[in-house]
DNA sequence: CGCCCTCTTGAATTAAGTCAAATAATGTGG
DNA sequence: CCACATTATTTGACTTAATTCAAGAGGGCG
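Protein chains in written order, with the working numbering: chain A, 9 to 249; chain B, 9 to 249.
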């Protein structure tokens, strides 16, 4: 409880201490600007597996950056069926589609214990008027998300099952690598059901394909643990029919 | 060539004269702000059917608002196959996915004679610093596009062929209505091939489905001309397996 | 320890694709 | 403006990839 001597120059914003800030919203900002951004970010208690960060239809107030853990983003259609849109990893922003219409249009659920940074959107916009690079960067991130979704549409609507799963594993591998993890060995945080759902396949098909990839010597699959034995063959599956 | 008496108060910006400005980027802006936006917009010569507005990989400089006509947006994959992403109508913005990385990531091709408004992106951003509502509105439009793409992913990956085509026709109907046209009768500007490609189906399947919808008394299809005879049955097809 | 839920594997079924061919539109050059 | 070439669309028959149904195995949690 006593006073301590603190070297003020060494005080870094939480963002700058964060291992993935270079992939996240602060990317490319000046140090002072990162501190300003840091000032509006709320840290929330971690989410436990299965908890929702927000659900579809809720009033939109904030976007969220994932700090650790992973989430799934999904929508529920008129018949009450769940449609998985994607999986989110540290550094990813979620909730961007709620800006339009001031309501979240999807739900975000923790696949494992997660910590997230809440960024109140009105404050972010206000800050954007002072830090031009910030609003530009937000727009870039949204532009990238549009690109990624285009890619997903093209993938899911036309590729055969084998290529879809290969593509998903390959994309995950790249994303793990970007975040400093091994691209060749990782754990899936989502169930087979979630994978099948996102790819528009039956669970049984996904299960069979994992077995098949293993027979081909491309993957080693042990429940949630994936090891990629042959990245080149994996890539070839994406291209071929 | 002689001087003319002009009533300055009656001079309206081109945007304000445009029939669909209320759906487009100027939406919700004050009159003076619309004029400012108008000032940076370049009108280009109309595109003829088959001409490209931009192609994938080209340097990104501008986003475009479609003024009249319609376009298709597509990407080419590694094998050189075309994947149609979507169809764009008056009031729609195209090129948004080029912001990230300063290159267009898709190509936009006129399906019929089109006129477009070119909006140089750096000028738009500069203007956004003066008109806060403008950059907010751009962000909203992008948020909506992310939403729409999520919807497309869910649709294309999981719905049966019948529901996909029904959904596409229904969405077109809504979009025509928004633009002041009949929701029940319109002309398709795209080929059966483009439709099939976007929906991830074979051309033959699309053709058969149109015939089938006609037998069911839901549509009247005469080449490119579509008349919706029963919107309710059409909507039901989207929901049902 | 046992129940439940997830995952895997096999067999039968089906939705949609491919192949093939006819017909209808569109465009082109003379 | 016509004849021919080319391309787009439709329809039918067959094939196949992926689903559904069914059943069993494996883990994890209370």
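We put the beta carbon where it would ideally sit given N, CA and C, even for glycine. Source: prediction; values computed, not measured.
TODO: Find the residues of chain A that neighbour residue 140/B, judging by a C-beta separation of less than 7 Å, and give them in chain order.
DONE: Under the 7 Å cutoff, chain A gives 137.
Open item on the list: Using C-beta distances below 7 Å, list every residue in its chain close to residue 233/B, excluding the 5 sequence neighbours before and after it, in chain order.
Closed with: These residues qualify, in order along the chain: 195.
Task: According to DSSP, residues forming a beta bridge with residue 92/A - done: Partner(s): 82/A.
- [ ] For the segment 95-108 of chain B and the segment 72-85 of chain B, state whether three or more C-beta atom pairs, one from each stretch, are separated by less than 8 Å.
- [x] Contact holds: three or more Cβ-Cβ distances are below 8 Å.
Task: Residues of the segment 154-187 of chain B with Cβ closer than 7 Å to any Cβ of chain A, in chain order - done: Listed in sequence order: 154, 155, 157, 158, 160, 161, 162, 164, 165, 166.
Task: Residue interval of the alpha helix (DSSP H) (run including residue 128/A) - done: From DSSP, residue 128/A is part of no alpha helix (DSSP H) but of the beta strand (DSSP E) over 123-128.
Task: Below-8 Å beta-carbon distance, residue 108/B vs any chain A residue - done: Interface annotation, residue 108/B: in contact with chain A, CB-CB separation under 8 Å.
Open item on the list: Rounding to the nearest angstrom, what Cα-Cα distance links residue 124/A and residue 156/A in this structure?
Closed with: For residue 124/A and residue 156/A, the distance between alpha carbons rounds to 22 Å.
- [ ] Select from 49/B, 59/B, 57/B, 53/B the residue whose C-alpha is nearest the C-alpha of residue 73/B.
- [x] Looking at the Cα atoms, 49/B is the closest of the given residues.
Open item on the list: Check whether the segment 23-30 of chain A and the segment 133-142 of chain A are in contact - that is, three or more C-beta pairs closer than 8 Å.
Closed with: With a cut-off of 8 Å, the segment 133-142 of chain A and the segment 23-30 of chain A do not count as touching, because too few Cβ pairs lie within range.
Open item on the list: Out of 64/A, 38/A, 116/A, which one is the CA nearest neighbour of residue 57/A?
Closed with: Here the closest residue by C-alpha is 116/A.
Task: Nearest residue (CA-CA) to residue 191/A, options 144/A, 240/A, 110/A, 118/A - done: Of the listed residues, the one whose Cα sits closest to residue 191/A is 240/A.
- [ ] Answer yes or no: does any C-beta atom of chain A fall closer than 8 Å to that of residue 147/B?
- [x] The C-beta of residue 147/B comes closer than 8 Å to at least one C-beta of chain A.
Open item on the list: Between residue 67/A and chain B, is any beta-carbon pair separated by less than 8 Å?
Closed with: Judged by the 8 Å Cβ criterion, residue 67/A is not in contact with chain B.
TODO: Anything in the segment 90-107 of chain A with a Cβ closer than 9 Å to a Cβ of chain B? List those residues in chain order, please.
DONE: For the segment 90-107 of chain A, the set of residues with a beta-carbon nearer than 9 Å to any beta-carbon of chain B comprises 91, 92, 93, 94, 104, 105, 106, 107, in chain order.
Open item on the list: Considering only the alpha carbon of each residue, which of 71/B, 120/B, 143/B, 162/B lies closest to residue 128/B?
Closed with: Checked all of 71/B, 120/B, 143/B, 162/B; the closest Cα to residue 128/B is 71/B.
Open item on the list: Using a Cβ-Cβ cutoff of 9 Å, what residues of the segment 208-235 of chain A are near chain B? List them in chain order.
Closed with: Those would be 208, 209, in chain order.
- [ ] Could you tell me which chain A residues have their CB closer than 9 Å to the CB of residue 247/B, listed as they occur along the chain?
- [x] Correct list: 85, 86, 87.
Task: Span of the alpha helix (DSSP H), counted from its first residue to its last, around residue 61/B - done: Counting along the chain, residue 61/B sits inside no alpha helix (DSSP H); it lies in the beta strand (DSSP E) bounded by residues 60-62.
Task: Buried/exposed call for residue 197/B, threshold 16 Cβ in 10 Å - done: Label assigned to residue 197/B: buried.
- [ ] Using the Cα positions of residue 181/A and residue 118/B, report the straight-line distance between them to the nearest angstrom.
- [x] Cα to Cα, the separation comes out at about 37 Å.
- [ ] Return the bridge partner residues of residue 236/B from the DSSP annotation.
- [x] As DSSP reads the structure, residue 236/B sits in a beta bridge with 227/B.
- [ ] Go through its chain and collect everything with a Cβ distance to residue 21/B's Cβ below 7 Å, but skip five positions before and after it.
- [x] Excluding residues within five positions, the ones whose Cβ falls inside 7 Å are 42, 43, 46.
Task: Cutoff 8 Å: residue 126/A Cβ touching any chain B Cβ - done: Output row for residue 126/A: interface = no.
TODO: Could you name the residues of chain B that residue 113/A contacts, counting a contact when the two beta carbons are closer than 8 Å?
DONE: By Cβ distance, chain B contributes 155, 158.
Open item on the list: So that I know if they touch, is there some Cβ in chain A lying closer than 8 Å to that of residue 198/B?
Closed with: Taking Cβ atoms only, chain A never reaches closer than 8 Å to residue 198/B, which makes this a no.
- [ ] Using alpha carbons as the reference points, say which of 101/B, 113/B, 205/B, 91/B lies closest to residue 35/B.
- [x] Distance from the Cα of residue 35/B is smallest, within the candidate group 101/B, 113/B, 205/B, 91/B, for 101/B.
TODO: Look at the Cβ atom of residue 209/B, then the Cβ atom of residue 226/B, and state whether they are nearer than 8 Å.
DONE: Cβ distance not < 8 Å, so residue 209/B and residue 226/B don't count as in contact.
Open item on the list: residue 150/A and residue 150/B - do their beta-carbons sit closer together than 8 Å?
Closed with: Annotated as proximal: residue 150/B and residue 150/A, with beta-carbon spacing under 8 Å.
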